[in-house]
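Q: Numbering (the numbering used here), first residue to last: 3 to 499. All C-beta atoms in this analysis are idealised placements derived from N, C-alpha and C, irrespective of residue type, glycine included. Please read through the structure below; I'll follow up with questions.
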Ligand code: ATP
Ligand code: MG
């Protein structure tokens, strides 16, 4: 059977709607025709450097027009892009570019020193975008088609539960991700999506894919700035924003008693658990929030709460997107309604596997079903509720305790800015929950206040047995809470005592 192909996406888009806006930043606005022209220029330059079909190149940049151009340039050469998180340490960068088998690293001009250091440590040549632009551009044969099963990107998982793994995502994965989202949310002529999540993250990258496939403008922000995002929604025609909880929290505070324009369609919320108090806050302000569940391995969302249910199934991540399937498994068997087990998913947006990880692939992907490592349950109407990571489950006196539930409750206290909960070994109970709290500036909060609050809301075995007030919580480059570091800290403390 011959491999399935499509016209190159940017070529097709620039052919169908050349004058439509593709990208909007503070500095400039680009049509699809202009983007195509520039992406092809970058592709020629990369090719002239000796980068060929099938090669892996790392891209080390914050969200920028140049980065978008490079991502599209890859598709003209059949080159796989390894998009690096710019908050990684040098050792983490060295690991990823080596692990992913990169032959080149290109990055933004402001990161020249790091690029240089990376080359010194790995022998992999590197080039800044500026240097690329002053390099030679010979004419090359661009690929006119994309081969759907070919890999397009390798994105590393956040490394929340262990060391990051390189996820291979094909054109087909990205295609189905964009199309599935459209089948759920619909597409309108007025749609303009704001990307304040970094493009090296699947949540950000998937917006770019939607843009070229739908023919939709993307407002690109280099970093998340509450004021700028607020302004883009209020005054610049943005209809949809992809957010994680901290962003939504900041935006709701900024909104105050104002209202978003009627054209605003909603916030696509993903990346982690959504505390219910925050969802209620958004509801009070009539801001539609589309809760979603997904991961790097599923090219972003795979389960989303459709707008129809956004308010009456609050707390749920929704139902699988049209071409996807979801199952909850307990001891290898399908769980009953409301029974908690591992979330297992299947669909055309799910990766075929991690790069160079045959054993992990065998363990996690069986017959195209991906074991997510997350726990959840499905209610009798088929809605998914994500409970927590399987690795973080606390078993106390035979009862299961999910740290996220306790974190969710504590985050409902006005004085709590951030909270992390982990299990601590205990002679009597096996393990007990311990909470780490960062107080909001200018507030006072005592252990007694917290315990009184918990008394009304959590069964006694779920109430934190120890409480620590801290200045900040350990987070990875994606800003996700590293519970394993909190647990290690507790272990070390015990050893010292
Ligand atoms: P690693 O796999 O390296 O440990 P990671 O899982 O944090 O890192 P990502 O792919 O960035 O890497 O994150 C996906 C994870 O985020 C999911 O597996 C899940 O644990 C969490 N997540 C995503 N959406 C939700 C949600 N709606 N509710 C709760 N957790 C979520
Ligand atoms: Mg993961």
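1) As an exercise, report each continuous beta strand (DSSP E) stretch of at least 3 residues that is fully enclosed by the region 84 to 114, in chain order.
2) Can residue 153 and residue 160 be called in contact, C-beta distance under 8 angstroms?
3) Identify which residue in 8, 235, 258 has its Cα closest to the Cα of residue 264.
4) Mind checking whether residue 107 and residue 126 have CB atoms under 8 angstroms apart?
5) Using CA coordinates, which residue listed in 282, 61, 436, 171 is at the minimum distance from residue 472?
6) At which residue ranges does the region 195 to 268 contain complete beta strand (DSSP E) runs of 3 or more residues, listed in the order of the chain?
7) Please find out if some non-hydrogen atom of the ligand ATP comes closer than 7 angstroms to the beta-carbon of residue 276.
8) Nearest to residue 383 by alpha carbon, out of 419, 148, 315, 350?
9) In chain order, what are the residue ranges of uninterrupted alpha helix (DSSP H) at least 4 long that sit wholly in the region 401 to 456?
10) Are the beta-carbon atoms belonging to residue 52 and residue 357 less than 8 angstroms from one another?
11) DSSP state of residue 150, grouped into three classes?
12) Can you check DSSP and say which residues form a bridge with residue 459?
13) Are residue 187 and residue 201 close, meaning C-beta to C-beta below 8 angstroms?
14) Could you pull out every residue in the same chain whose Cβ sits closer than 7 angstroms to the Cβ of residue 111, ignoring the five residues on either side in sequence?
15) Could you name the residues of the same chain whose beta carbon sits closer than 7 angstroms to that of residue 359, not counting the 5 residues immediately before and after it, in chain order?
16) Start and end of the alpha helix (DSSP H) containing residue 70?
17) Considering only the beta carbon of each residue, do residue 385 and residue 321 sit closer than 8 angstroms?
18) Restricting to Cα atoms, I'd like to know which of 117, 429, 413 is closest to residue 438.
19) Return the Cβ separation of residue 380 and residue 328 in integer angstroms, given the expectation that the two are a contact with Cβ distance under 8 angstroms.
20) Counting C-beta neighbours from all protein chains within 10 Å, is the total for residue 18 16 or more, i.e. buried, or is it exposed?
21) Could you check whether the Cβ of residue 150 sits closer than 7 angstroms to any heavy atom belonging to the ligand MG?
22) For the structure I just gave you, are there three or more beta carbon pairs, one from the region 345 to 354 and one from the region 362 to 373, closer than 8 angstroms?
23) Got a sec, what are the start and stop residues for the beta strand (DSSP E) residue 9 sits in?
24) Can you give the beta carbon distance from residue 194 to residue 240, rounded, assuming they're within the 8 angstroms contact cut?
25) Excluding the five sequence neighbours on either side, which residues of its own chain have a C-beta within less than 6 angstroms of the C-beta of residue 295, listed in chain order?
26) According to DSSP, is residue 24 helix, strand or coil?
27) So, residue 479 versus residue 175, is the Cβ gap smaller than 8 angstroms?
A: The answer reads as follows:
1) 106 to 109
2) What you label residue 153 is simply residue 151 of the chain shown in a count that begins at 1. What you label residue 160 is simply residue 158 of the chain shown in a count that begins at 1. Not a contact, by the Cβ cut-off of 8 angstroms.
3) Working through the chain shown from its first residue, we reach residue 264 at position 262. Residue 235 is the option with its Cα nearest to residue 264.
4) For the purposes of this step, residue 107 is taken as the residue at position 105 of the chain shown. For the purposes of this step, residue 126 is taken as the residue at position 124 of the chain shown. A contact, by the Cβ cut-off of 8 angstroms.
5) Taking the first residue of the chain shown as 1, we reach residue 472 at position 470. Residue 436 is the option with its Cα nearest to residue 472.
6) 195 to 197, 220 to 222, 242 to 245
7) As a first step, residue 276 is located in the chain shown; it is residue number 274 there, counting from the start. Checking every heavy atom of the ligand ATP against the Cβ of residue 276, one is found closer than 7 angstroms.
8) By 1-based counting over the chain shown, the position of residue 383 is 381. Among 419, 148, 315, 350, the Cα nearest to that of residue 383 is on 315.
9) 405 to 412
10) Translated into positions along the chain shown, residue 52 becomes position 50. Translated into positions along the chain shown, residue 357 becomes position 355. Result no, Cβ atoms of residue 52 and residue 357 do not sit closer than 8 angstroms.
11) Locating residue 150 in the chain shown gives position 148, counting from the first residue. It is coil, neither helix nor strand.
12) For the purposes of this step, residue 459 is taken as the residue at position 457 of the chain shown. Residue 459 is not bridged to any residue.
13) To locate residue 187, count along the chain shown from 1; it is residue 185. To locate residue 201, count along the chain shown from 1; it is residue 199. No, these two residues do not count as a Cβ contact at 8 angstroms.
14) Start at 1 with the first residue of the chain shown, and residue 111 comes out as number 109. These residues qualify, in order along the chain: 130, 131, 132.
15) Counting from 1 along the chain shown, the entry for residue 359 is found at position 357. Cβ neighbours of residue 359 beyond the five flanking positions: 167.
16) The residue labelled residue 70 in the question sits at position 68 within the chain shown. Note, residue 70: alpha helix (DSSP H), 67 to 79.
17) In the chain shown, residue 385 corresponds to position 383, counting from 1. In the chain shown, residue 321 corresponds to position 319, counting from 1. Yes, the pair counts as a contact, with Cβ atoms nearer than the cut-off.
18) Position 436 of the chain shown, counted from the start, is the residue given in the question as residue 438. Selected option, being the one with the closest Cα: 413.
19) In the chain shown, the residue the question calls residue 380 occupies position 378. In the chain shown, the residue the question calls residue 328 occupies position 326. Their Cβ separation, rounded to whole angstroms, is 7 angstroms, which keeps residue 380 and residue 328 in contact under 8 angstroms.
20) Against the chain shown, residue 18 aligns to sequence position 16. With fewer than 16 other Cβ atoms within 10 Å, it is exposed.
21) For the purposes of this step, residue 150 is taken as the residue at position 148 of the chain shown. Incorrect: residue 150 has no Cβ contact closer than 7 angstroms to the ligand MG.
22) yes
23) Taking the chain shown and counting its residues from 1, the one referred to as residue 9 is at position 7. First-last of the beta strand (DSSP E) with residue 9: 7 to 9.
24) Numbered from 1 along the chain shown, position 192 holds the residue referred to as residue 194. Numbered from 1 along the chain shown, position 238 holds the residue referred to as residue 240. With 8 angstroms as the limit, residue 194 and residue 240 qualify as a contact, their Cβ atoms being about 5 angstroms apart.
25) Working through the chain shown from its first residue, we reach residue 295 at position 293. So the qualifying residues of the chain are 305, 319, 388.
26) Stepping through the chain shown from its first residue, residue 24 is reached at position 22. Three-state DSSP puts residue 24 in a strand.
27) As a position in the chain shown, residue 479 is number 477, starting the count at 1. As a position in the chain shown, residue 175 is number 173, starting the count at 1. The answer is no: Cβ separation not under 8 angstroms.
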